[in-house]
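Numbering (the numbering used here), first residue to last: 6 to 996.
(1) Please report the distance separating the alpha-carbon of residue 278 from that of residue 489.
(2) Since residue 564 is in the alpha helix (DSSP H), which residue starts that stretch and which ends it?
(3) Anyone know if the C-beta pair for residue 998 and residue 483 falls short of 9 Å?
(4) Can you find the residues in the same chain that come closer than 8 Å, C-beta to C-beta, to residue 646, ignoring five residues on each side of it along the sequence?
(5) Just to confirm the assignment, what range does the beta strand (DSSP E) spanning residue 141 have?
(6) Do residue 433 and residue 138 count as a contact pair if the criterion is CB distance below 9 Å?
(7) Could you tell me the alpha carbon to alpha carbon distance between residue 913 and residue 929, rounded to whole angstroms?
(8) Going by beta-carbon coordinates alone, are residue 866 and residue 826 separated by less than 9 Å?
(9) Quick check: the Cα distance between residue 363 and residue 331, rounded to an integer number of angstroms?
(10) Have a look at residue 894 and residue 419 and give me their C-alpha separation to the nearest angstrom.
(11) Helix or strand or just coil, what does DSSP make of residue 1025?
(12) When burial is assigned at 16 or more other CB atoms within 10 Å of the CB, is residue 383 buried or exposed?
(13) State the Cα-Cα distance for the pair residue 830 and residue 187, rounded to the nearest angstrom.
(14) Between residue 166 and residue 216, how many whole angstroms is the CB-CB distance? I'm expecting something under 8 Å.
(15) Just curious, the alpha helix (DSSP H) that residue 512 is in, first and last residue?
(16) Just reading off the alpha helix (DSSP H) that residue 111 is part of, what are its end residues?
(17) According to DSSP, what are the bridge partners of residue 118?
(18) Is residue 1016 helix, strand or coil when you go by DSSP?
(19) Alpha carbon to alpha carbon, how far is residue 799 from residue 654? Give it in angstroms, no decimals.
(20) Only counting the same chain, and skipping five residues up and downstream in sequence, which positions put a Cβ closer than 7 Å to that of residue 319?
(21) Take residue 840 and list the residues in its own chain whose beta-carbon comes closer than 7 Å to its own, dropping the five residues that flank it on each side.
(22) Per DSSP, residue 408 is paired with what?
(23) Could you tell me which uninterrupted beta strand (DSSP E) segments, each at least 3 residues in length, are contained entirely in the stretch 638-695, listed from first to last along the chain?
(24) Should residue 506 and residue 553 be called a contact, given that it needs their Cβ atoms to be closer than 9 Å?
(25) Just to confirm my understanding: we take residue 849, look at its own chain, exclude 5 residues before and 5 after, and list those with CB closer than 7 Å. What are they?
(26) Would you mind giving the Cβ-Cβ distance between residue 649 and residue 862, rounded to the nearest angstrom? I have them listed as a contact below 8 Å.
(27) Pick out whichever of 771, 790, 921 and 709 has its Cα sitting closest to the Cα of residue 693.
(28) Out of 116, 251 and 708, which one is the CA nearest neighbour of residue 195?
(29) If you measure between the beta carbons of residue 152 and residue 344, is that distance less than 9 Å?
(30) Does the distance from the CB of residue 621 to the CB of residue 603 come in under 9 Å?
(31) Can you give me the C-alpha to C-alpha distance between residue 26 and residue 272, rounded to a whole angstrom?
(32) What distance in whole Å lies between the Cβ atoms of residue 728 and residue 950, which are believed to be in contact at a cut-off of 8 Å?
(33) Taking DSSP's pairing of strands, which residues face residue 630 in a bridge?
(34) Out of 84, 244 and 268, point me to the one whose CA is closest to residue 231's CA.
(35) Would residue 504 and residue 43 be called neighbours here (beta carbons separated by less than 9 Å)?
(36) Rounded C-beta distance between residue 400 and residue 145? I'm assuming under 8 Å.
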């Protein structure tokens with residue numbers, strides 16, 4: 006009978022153990038481990054440890070990140086004297102922390118578990134590292150693959166920095182808008198979404214070989230106090246906790262994730278004693294371990310926090326409650342000694358120490374500390390901060406942008422030519438990324454305010470604007486009425502670069518605004534991608550992760566489309582930044598060889614500007630560095646960037662045909678041997694016209710000098726070098742009826758400082774073209790005269806000057822603010838790259854005046870030259886062609902017209918309809934790189950410019966320089982083949 010009873014009890018016990026075991030969830034990390042080898046290592050290490058060392062393994066010390074002698078000594082003493090199992094650093098630099106980590110590890114008998122608070126990347130604690138978004142911003146992102154990739158990247162960076170544990174993700178459900186400590190650290194208010202994003206992120210971290218730690222169990226999202234300062238009270242009942250606060254942790258555990266951090270909270274529904282949850286056996290052992298089945302590694306929250314710091318025997322109680330690791334006690338030696346005493350007295354059982362110590366050792370094994378090697382400190386920061394890391398941070402910002410209001414579909418902005426836009430940043434300096442990015446899209450007048458007085462002053466300047474963008478970077482000094490005053494009576498968009506909850510301060514302004522964009526964070530990337538969203542550089546897809554009472558429910562988000570160029574890293578289109586970095590080597594070679602003093606280079610692919618950099622200086626004195634916004638003389642790029650779009654527009658509107666003779670519109674050609682030259686022939690350069698005539702000769706008083714004007718050998722009296730082997734005298738005088746030193750009636754066209762040309766001189770030049778000798782054979786010969794005549798055609802048909810026609814039909818609508826003739830009418834000379842020191846005709850350094858003499862004597866507006874621009878604004882025109890005649894959701898040209906002009910090639914030469922093209926027969930004579938396909942079209946310019954558009958690869962390449970400074974005789978740009986070599990690097994990069 007006794008034997009039978011014993012067997013029944015044993016059976017029941019086994020059944021109980023079996024049922025209990027089924028409730029336990031083994032972490033994936035543990036499932037995938039080679040348990041035999043792991044246990045061998047754990048046992049071998051454990052068996053060599055003293056009781057003190059076993060106790061020390063349960064403590065993670067929290068130390069400063071300063072690499073000072075005092076701190077190094079402190080770390081060494083702690084590691085040696087209390088046998089710490091892990092370490093957490095405060096703020097510092099990657100290099101300092103790496104050196105301190107190596108120091109600590111070198112003094113540790115058993116490798117330390119290095120932990121980090123890196124909720125928004127290592128930048129949360131380490132300077133000079135990539136700043137990723139906080140969780141609230143990530144909660145707006147709709148793409149789980151991006152969140153997973155973020156987790157993977159965090160693991161990569163952590164491992165480089167010698168970190169094995171990341172105290173993230175924060176899976177608190179932020180249901181309290183006034184929560185003083187969680188807020189932006191939460192993925193939002195929806196527990197399912199918080200769980201989903203927390204799990205996806207954690208899986209990325211874990212798959213990358215680092216341990217993610219979900220926090221703050223049992224849920225810190227609905228507190229009105231900060232556990233760093235006091236012990237917060239959570240009054241919800243168990244049912245509510247199960248549905249909201251505990252839900253993300255349940256799902257996290259069910260997914261097999263391996264670590265949790267315990268918060269310092271008073272939760273009567275879970276433990277009526279009032280004990281902090283971090284010291285509560287009912288919370289940790291009964292709920293987390295037994296009821297929820299968690300068997301992974303458990304950390305306390307920081308034990309220096311005021312929510313627990315005043316508790317007696319806190320370390321002992323924390324271990325007895327079920328924690329595995331004690332994080333950052335303020336007096337680690339004191340806590341270590343207290344645990345030793347408890348162990349010796351029996352209060353801390355040997356079984357508990359053995360269980361927890363072996364568990365810590367197991368996770369050290371799983372995290373690779375059985376094969377520890379020191380951190381490679383050399384070049385650590387560059388290896389942390391890769392272009393991929395930056396791209397990922399940018400992409401997360403881009404995808405988080407959330408449009409909450411869009412009356413009349415104001416966002417993205419359209420019809421730029423009808424808008425006069427002002428942008429006001431509240432709480433940010435004038436030179437901020439938001440305003441700077443806005444200006445890349447068009448003519449935006451920018452203001453910044455740091456006080457209420459600033460707002461009042463700005464308000465008085467807004468009367469002439471019909472669209473106002475207000476960006477709120479801080480709420481400290483700006484009231485709802487301040488924003489109201491700026492947007493009153495205007496079409497307006499308010500952009501918030503702050504917590505969504507802070508929108509409630511601006512309810513009235515939001516109701517008045519036409520559009521509302523939530524950008525979440527006042528970071529450079531947040532600012533940049535908010536601006537891109539407003540102009541349609543990127544599609545908006547974000548959804549609000551929390552409810553803003555009285556305004557917007559969680560999940561609100563209006564979608565928009567991409568309609569303009571975006572700005573991002575090459576990685577956005579699958580190109581490695583490092584491959585394009587080789588461009589700089591060629592540029593440096595060119596500057597060193599004095600091929601050009603400086604340049605701008607832009608590359609756009611798939612509708613994204615992936616490279617836009619400025620190099621060198623305006624002149625070789627290096628006094629004025631080039632910036633990406635500086636303006637260059639495009640020279641013959643004018644033909645393709647001004648005259649061709651004008652002709653395309655007239656053709657598209659059926660106002661001309663390509664077979665129409667030029668003489669139909671240019672009366673000087675009538676009844677001459679040039680009367681039958683067609684527009685098509687002029688575009689192909691197959692007119693028989695000479696390549697060049699001396700446009701300036703009629704303006705020079707022939708009686709003012711003796712001898713020849715130009716000498717082809719260097720002799721006295723001919724000081725002006727005008728070309729290799731050609732010198733000119735400069736002691737001549739201009740005819741006073743054609744050239745004036747002052748502006749006056751009839752002399753309104755300025756060709757240089759203190760130099761004006763008679764308004765009728767345009768007709769003189771056209772007549773000289775009409776009188777020029779025509780070649781008998783109309784074979785290909787490149788001639789600026791063709792495009793001077795095409796300018797005449799455009800102006801006669803459109804009944805306006807070429808610049809006005811282009812501004813009205815293209816440049817203003819595109820937002821190409823710097824693309825213009827005669828730039829000094831709009832811009833200060835200081836932002837325009839100088840060209841030649843003209844010692845012949847204008848006797849001055851040319852800066853803001855067209856370099857080409859023919860265009861100059863036409864008053865600066867010509868079909869062959871005269872256009873100025875920066876690279877960014879040109880890219881808008883070129884992208885419009887790539888997009889089949891549309892840009893900014895507006896149609897400029899029909900697809901058929903774009904296709905005709907960009908795809909047609911002359912049967913007699915490599916030329917297209919106005920465009921130059923690759924020479925597919927001879928790479929040596931081709932203006933492009935060998936890898937450029939036949940579909941490429943573009944143009945070069947005498948001043949050292951070029952652009953090439955590749956429809957096969959959706960690619961734009963622009964090179965702007967002032968190689969003619971100080972003299973046009975500088976030929977090294979061509980000799981060194983700089984422009985095609987750069988283009989070849991681009992093709993190599995995109996392959």
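Backbone N, C-alpha and C define an ideal beta-carbon position, used for all residues, glycine too.
Result, derived from the coordinates:
(1) Counted from its first residue, the chain shown places residue 278 at position 273. Counted from its first residue, the chain shown places residue 489 at position 484. Distance between the alpha carbons of residue 278 and residue 489 is about 51 Å.
(2) On the chain shown, residue 564 is found 559 positions in, with the first residue counted as 1. It is not in any alpha helix (DSSP H) - residue 564 carries neither H nor E in the DSSP assignment.
(3) Residue 998 is absent from the structure shown; the chain starts at 6 and stops at 996.
(4) Indexing the chain shown from 1 puts residue 646 at position 641. 639, 824, 872, 874, 879, 882, 944 and 952, listed in sequence order.
(5) Translated into positions along the chain shown, residue 141 becomes position 136. No beta strand (DSSP E) contains residue 141, which is instead part of the alpha helix (DSSP H) from 140-143.
(6) Against the chain shown, residue 138 aligns to sequence position 133. Against the chain shown, residue 433 aligns to sequence position 428. No.
(7) For the purposes of this step, residue 913 is taken as residue 908 along the chain shown, with counting starting at 1. For the purposes of this step, residue 929 is taken as residue 924 along the chain shown, with counting starting at 1. Taking the straight line from one Cα to the other gives about 18 Å.
(8) On the chain shown, residue 866 is found 861 positions in, with the first residue counted as 1. On the chain shown, residue 826 is found 821 positions in, with the first residue counted as 1. Contact: yes.
(9) Here the question's residue 363 lines up with position 358 in the chain shown. Here the question's residue 331 lines up with position 326 in the chain shown. Their backbone Cα atoms lie some 15 Å apart in a straight line.
(10) One-based indexing of the chain shown puts residue 894 at position 889. One-based indexing of the chain shown puts residue 419 at position 414. In a straight line, the C-alpha of residue 894 is about 7 Å away from that of residue 419.
(11) Because the chain spans 6 through 996 in this model, residue 1025 falls outside it and cannot be assessed.
(12) Along the chain shown, read from residue 1 onward, the residue named residue 383 stands at position 378. So residue 383 ends up on the exposed side.
(13) In the chain shown, residue 830 corresponds to position 825, counting from 1. In the chain shown, residue 187 corresponds to position 182, counting from 1. Near 54 Å, if we compare the C-alpha coordinates of residue 187 and residue 830.
(14) To locate residue 166, count along the chain shown from 1; it is residue 161. To locate residue 216, count along the chain shown from 1; it is residue 211. Between residue 216 and residue 166 the Cβ distance is about 14 Å, and since that is not below 8 Å, they are no contact.
(15) Locating residue 512 in the chain shown gives position 507, counting from the first residue. From DSSP, the alpha helix (DSSP H) with residue 512 extends over 512-517.
(16) Here the question's residue 111 lines up with position 106 in the chain shown. Taken as a continuous stretch (DSSP letters only), the alpha helix (DSSP H) holding residue 111 covers 99-111.
(17) The sequence position of residue 118 within the chain shown is 113, counting from 1. DSSP output for residue 118 lists 91 as bridge partner(s).
(18) Summary: the structure shown does not reach residue 1016, with the chain confined to residues 6 through 996, and so no result is reported for it.
(19) Numbered from 1 along the chain shown, position 649 holds the residue referred to as residue 654. Numbered from 1 along the chain shown, position 794 holds the residue referred to as residue 799. Using only the alpha carbons, I get a separation of about 10 Å.
(20) Taking the chain shown and counting its residues from 1, one reaches residue 319 at position 314. Excluding its 5 nearest sequence neighbours in each direction, residue 319 has C-beta neighbours in its own chain below 7 Å: 284, 308 and 313, listed in chain order.
(21) Here the question's residue 840 lines up with position 835 in the chain shown. So the list reads 638, 851, 856, 948, 967, 969 and 970, once near-sequence residues are dropped.
(22) Position 403 of the chain shown, counted from the start, is the residue given in the question as residue 408. Residue 408 pairs with 522 and 563.
(23) Runs of the beta strand (DSSP E) inside the stretch 638-695: none found.
(24) Reading the chain shown from its first residue, position 501 is the one you call residue 506. Reading the chain shown from its first residue, position 548 is the one you call residue 553. Between residue 506 and residue 553, the C-beta gap is smaller than 9 Å, which places the two residues in contact.
(25) Translated into positions along the chain shown, residue 849 becomes position 844. The answer, listed in chain order, is 757, 758 and 843.
(26) Residue numbering aside, residue 649 sits at position 644 when the chain shown is read from its first letter. Residue numbering aside, residue 862 sits at position 857 when the chain shown is read from its first letter. About 22 Å separates the two Cβ atoms, so there is no contact after all.
(27) Locating residue 693 in the chain shown gives position 688, where the first residue counts as 1. Nearest of 771, 790, 921 and 709 to residue 693, Cα basis: 790.
(28) Your numbering for residue 195 matches position 190 in the chain shown. Closest by alpha carbon: 251.
(29) Along the chain shown, one-based indexing puts residue 152 at 147. Along the chain shown, one-based indexing puts residue 344 at 339. Contact flag unset, no.
(30) Here residue 621 is taken as the residue at index 616 of the chain shown, counted from 1. Here residue 603 is taken as the residue at index 598 of the chain shown, counted from 1. A contact, by the Cβ cut-off of 9 Å.
(31) The residue you call residue 26 lines up with position 21 of the chain shown. The residue you call residue 272 lines up with position 267 of the chain shown. Only weak support exists for where residue 26 lies, its pLDDT of 49 falling under 50; the value from the coordinates is given anyway. Going by the C-alpha atoms only, they are around 27 Å apart.
(32) In the chain shown, counting from the first residue as 1, residue 950 sits at position 945. In the chain shown, counting from the first residue as 1, residue 728 sits at position 723. In fact, because the Cβ distance is near 19 Å, the residues do not count as touching under 8 Å.
(33) On the chain shown, residue 630 is found 625 positions in, with the first residue counted as 1. 622, per the DSSP bridge assignment.
(34) In the chain shown, residue 231 corresponds to position 226, counting from 1. Among 84, 244 and 268, the Cα nearest to that of residue 231 belongs to 268.
(35) Counting from 1 along the chain shown, the entry for residue 504 is found at position 499. Counting from 1 along the chain shown, the entry for residue 43 is found at position 38. No. Outside cutoff.
(36) Counting from one through the chain shown, the residue named residue 400 turns up at place 395. Counting from one through the chain shown, the residue named residue 145 turns up at place 140. No, residue 400 and residue 145 are not in contact; Cβ-Cβ is about 13 Å, not under 8 Å.
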